[in-house]
Amino acid sequence: MINITFPDKSVKKYESSINGLELAKSISNSLAKSAVCIEINGELKDLSYLIEEDSVCKIFTKDDQYSLDTLRHSTAHVLAQAVLNLYPGTEFAVGPSIDDGFYYDFLFKENIKESDLIKIENEMRKISKSQQDFVREEISKDEAYKMFSKQTFKQELINTADKSEGVSEENISIYKNDKFSDLCRGPHVQNTSLINHFKLTKLAGAYWRGIETNPQLQRIYGTAWFNKNDLDNYLKRQEEAEKRDHRKLGNELDLFISTDETGPGQFLWKPKGAVLRQIIEDYSKKAHSENGYDYAYTPHIGRSVLWETSGHLDYYKEGMFPPLKNEENEEEYYLKPMNCPFHILIYKSDIRSYKELPLRYFELGSVYRYEKSGVLHGLLRARGFTQDDAHIFCTTDQIEDEILNLLTFSIKLLKSFGFDSIEADLSTRPEKSIGNNDDWEKATNSLKSALENQNISFVTAHGEGAFYGPKIDLHVKDAIGRRWQLSTIQVDFAQPDNFDLQFVDSNNKRVKPVMIHRALLGSIERFTGILIENYAGEFPGWLSPVQVKVLTIGDVSNYLNKITKSLKGFRYEVDDRNLRLGEKLHDASKDKIPITLIVGEKDELSNTLAINIRSQDNQQNVKYEDAIKQIKANLKTPIFKI
RNA sequence: GCCGAAGUAGCUCAGUGGUAGAGCAGCUCACUCGUAAUGAGCAGGCCGAGGGUUCAAUUCCCUCCUUCGGCUCCA
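Quick note: the first sequence uses my numbering, first residue 73, plus one each step.
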């Protein structure tokens with residue numbers, strides 16, 4: 073007799089041991105039908121798992137995330153099975169479920185091509201049709217070595233006894249279906265026939281265990297769902313996300329271009345993009361100058377001695393553009409990858425008193441980083457970009473207040489642009505770093521208490537800090553739920569040392585200040601790209617490069633004059649081409665203009681016009697004065713106030 | 001940097017070992033137009049760059065550049 077406790081706390085008695093599927097059946101047939109896996113005493117198991125003692129159980133159906141994960145993991149097995157059927161001698165590595173899908177990594181005898189995926193997908197469908205059961209077995213390590221004698225990656229997994237791959241010290245669990253077996257902790261769906269609605273999506277390279285010096289495997293990605301509708305929805309979602317792509321929209325909306333001649337990762341801003349950028353920059357500048365920052369300008373290049381002192385040449389040379397030099401002048405210059413050394417020189421240009429601190433230097437500083445060619449991604453990852461950068465010099469006692477103010481400031485700024493959902497990462501000391509442990513700990517604690525004080529939910533990213541100090545990164549969620557890193561706040565105990573920074577304290581002693589690096593929007597290029605994706609190019613009125621478009625019908629030049637006069641101060645365009653109204657409307661909508669005015673000869677007499685506000689999706693005929701009022705209300709710039 | 005895919009007109013994309021194609025955009029003309037693309041005509045190209053194979057290469061092969069999807073990286 074065993075007692076099973078269910079999530080609603082009810083307890084059922086069973087005569088003898090019972091497996092998950094039978095358990096589901098004992099509740100209802102429909103539950104048995106939709107059951108996929110089961111949680112027994114907090115551990116996820118197959119439905120076939122035999123429960124032999126009193127347990128707490130929860131049955132997961134097709135609607136649960138765990139079930140989807142299970143399905144996808146099982147689909148990954150079928151993928152590996154299909155690959156081994158088609159390409160005997162292929163080595164297979166790991167194949168987990170991931171968001172919306174799964175992957176499996178392989179070492180083929182000869183690399184496959186993307187066009188081979190169709191063949192593999194067809195083989196998978198065969199396996200699905202042949203209705204094979206997934207069977208769990210536990211075998212000894214020795215047996216496992218034998219079973220995977222020709223699979224070097226599996227051997228390594230067995231060796232390192234990684235529990236997450238179904239390997240533990242004593243025995244090893246494997247899953248078998250037909251002639252295929254794989255090391256696996258499970259659980260799996262019961263039968264391959266459940267694996268119906270899937271698609272292999274892409275082929276990519278991936279390093280074994282994610283380590284660059286390891287051999288590179290070929291990774292096949294796929295997606296899998298319980299029904300066709302979900303699969304179709306997913307594919308549609310992907311398409312929608314593609315429509316938001318800032319590179320595509322940047323071109324369509326005439327915002328920016330990149331050309332072969334400028335070199336990869338660098339952008340040319342066309343007038344409309346430049347306006348957008350200018351609004352963002354002006355807004356940020358104003359916010360800074362009203363909140364205790366001083367403006368600074370610094371050059372784009374500096375002598376190598378500067379980058380030696382700062383430590384960049386020691387720690388970051390790979391990420392910098394190659395040096396500039398000529399025959400007359402042997403000395404090398406470097407393009408700046410960061411603004412901080414220059415701001416430090418400004419600090420050092422005078423003897424500083426404790427009464428001056430904190431000093432905050434702000435600059436829209438363009439920096440150049442030699443990003444690896446494979447990582448470039450439009451505006452989101454460029455080689456030349458502009459940071460809304462500032463460096464704060466303060467006393468140790470001031471750190472906590474400064475960080476707190478910074479967090480408040482940053483959150484407010486991000487919210488002004490429409491990002492309301494904000495989370496943080498707290499990154500601690502990495503292996504490759506400078507400075508002493510005491511300083512690191514002190515700084516990390518200041519960051520942590522500021523986050524707690526501001527009630528920002530955060531996770532600690534161990535070892536992810538900069539080489540010179542710990543940091544807070546703020547992430548926002550965009551309109552379709554993607555997470556973007558924007559602000560970064562970094563404490564730096566190292567640079568003040570490198571440059572021997574000092575201030576005179578109240579005892580007339582020379583003391584080392586602390587430095588805080590921070591960029592709130594991050595890179596203006598990247599931020600603009602994220603804005604484009606967040607709004608799908610349909611910017612709020614105050615950010616829109618063109619805010620109002622006036623469409624004329626017939627000859628209304630007098631009336632038009634009056635209207636454009638009251639639009640002074642707004643960014644407007646007039647479309648008085650001799651075209652049908654339908655076409656003008658089409659063009660205005662294609663350009664994602666927030667407000668469209670239609671003015672015809674009849675309107676001139678009645679002093680009216682038609683106003684189309686994109687966000688309201690309706691159209692009204694209103695008096696001229698009303699229209700102007702509505703325009704002003706819709707195009708308001710958010711007020712920045714802390 | 002690595003694995004895979006791609007580069008043809010301003011844009012989106014067909015196509016072929018033998019003189020290069022469409023739609024949109026552009027220009028010209030007609031229509032004088034009230035709610036989501038009016039019609040006709042014209043013009044537009046070193047088929048990413050360099051090398052090779054061939055009587056002949058945009059097409060096949062090699063190298064490079066750039067872009068895209070990933071991996072690694074993002075101080």
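Note that the Cβ used here is the ideal one computed from N, Cα and C, for glycine as well.
No experiment lies behind these values; they were computed from the predicted model shown.
Residues bridged to residue i by DSSP?
i	result
residue 419	Per DSSP, none; premise fails for residue 419.
residue 684	668 and 691
residue 646	622
residue 291	177 and 276
residue 547	495 and 557
residue 115	112
residue 205	263
residue 466	586
residue 375	405
residue 456	440
residue 432	464
residue 368	The partner list for residue 368 (beta bridge, DSSP) is empty, contrary to what the question assumes.
residue 129	112
residue 541	538
residue 211	244
residue 141	None, per the DSSP bridge assignment.
residue 562	543 and 589
residue 84	76
Measuring CB to CB, does residue i end up less than 8 angstroms from residue j?
i	j	result
residue 622	residue 676	no
residue 112	residue 100	no
residue 154	residue 195	yes
residue 560	residue 352	no
residue 515	residue 540	no
residue 471	residue 586	yes
residue 110	residue 78	no
residue 618	residue 645	yes
residue 372	residue 604	no
residue 647	residue 656	yes
residue 436	residue 596	yes
residue 169	residue 144	yes
residue 142	residue 200	no
residue 211	residue 129	no
residue 502	residue 537	yes
residue 589	residue 564	yes
residue 491	residue 439	no
residue 244	residue 216	yes
If you count every other CB in all the chains shown that lies within 10 Å of the CB of residue i, and 16 or more means buried, which is it?
i	result
residue 73	exposed
residue 553	exposed
residue 367	exposed
residue 187	exposed
residue 654	exposed
residue 313	exposed
residue 343	exposed
residue 283	exposed
residue 310	exposed
residue 261	buried
residue 432	buried
residue 706	buried
residue 254	buried
residue 135	exposed
residue 511	buried
residue 482	buried
residue 658	exposed
residue 334	exposed
residue 494	buried
residue 396	exposed
On the premise that residue j lies in contact with residue i, defined as a C-beta separation below 8 angstroms, what is that separation, rounded to the nearest angstrom?
i	j	result
residue 382	residue 570	6 angstroms
residue 295	residue 270	6 angstroms
residue 498	residue 523	6 angstroms
residue 711	residue 484	So it is not a contact: roughly 10 angstroms between Cβ atoms.
residue 685	residue 666	7 angstroms
residue 417	residue 575	Contact flag wrong, Cβ pair sits at about 15 angstroms.
residue 526	residue 480	7 angstroms
residue 393	residue 407	5 angstroms
Cβ contact (3+ pairs, closer than 8 angstroms) linking the segment 315 to 334 and the segment 607 to 626:
Enough Cβ pairs lie closer than 8 angstroms, so yes.
Is it a yes or a no for the segment 409 to 423 touching the segment 445 to 465, going by three-plus beta-carbon pairs under 8 angstroms?
Under the 8 angstroms Cβ criterion, the segment 409 to 423 counts as touching the segment 445 to 465, having at least three qualifying pairs.
Could you tell me whether the segment 221 to 232 touches the segment 160 to 173, using the rule of 3 or more Cβ pairs below 8 angstroms?
Judged by Cβ distances under 8 angstroms, the segment 221 to 232 makes contact with the segment 160 to 173, as three or more pairs qualify.
Flag this pair as touching only if the segment 178 to 193 and the segment 273 to 291 have three or more C-beta atom pairs under 8 angstroms; answer yes or no.
Contact holds: three or more Cβ-Cβ distances are below 8 angstroms.
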